[in-house]
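K.L.:
Numbering (this note's numbering), first residue to last: 8 to 143.
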């Protein structure tokens, strides 16, 4: 008699592996430190406005930064690793509803040359990092 694992068991096993973030490389750590240096983490939010003209910065296969201004950056720890995200070669296509990026929204990686779709990943919470106001 041959036993097969249920599809749910296989998905759960894969999800557990993907949820373990790889340690950041020295270069990735430097990018993260540069963007968050002098800023203080705030309370995580589920959505951010897409009208701010945010600049997306790829830190690793798990971490995206959305720079709103020099004083405000949102860190998003993806719900699972997004293979190839850190290479910065592929185009990020957001699958969102309305004018906000929200926790659970999907992003797809699309090859710049061939147009083929790569990884599909889910956004996590957005942690705001703000520069402290200076009194003068």
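Heads up, the beta-carbon is just placed ideally off N, CA and C, and yes, glycines get one too.
(1) Taking the CB atoms as reference points, tell me whether residue 129 and residue 105 lie closer together than 9 Å.
(2) Grab me the residues of residue 96's own chain with a C-beta within less than 6 Å of its C-beta, minus the 5 sequence neighbours each way, in chain order.
(3) The alpha helix (DSSP H) with residue 38 in it runs from where to where?
(4) By the DSSP assignment, the beta strand (DSSP E) with residue 133 in it spans what residues?
(5) Which residue from 127, 108, 99, 123 puts its Cα closest to that of residue 133?
(6) Is it buried or exposed for residue 118, if we count other Cβ within 10 angstroms and need 16 for buried?
(7) Can you pull the DSSP bridge partners for residue 128?
P.N.:
In short:
(1) no
(2) none
(3) 33 to 43
(4) 133 to 138
(5) 108
(6) exposed
(7) 114
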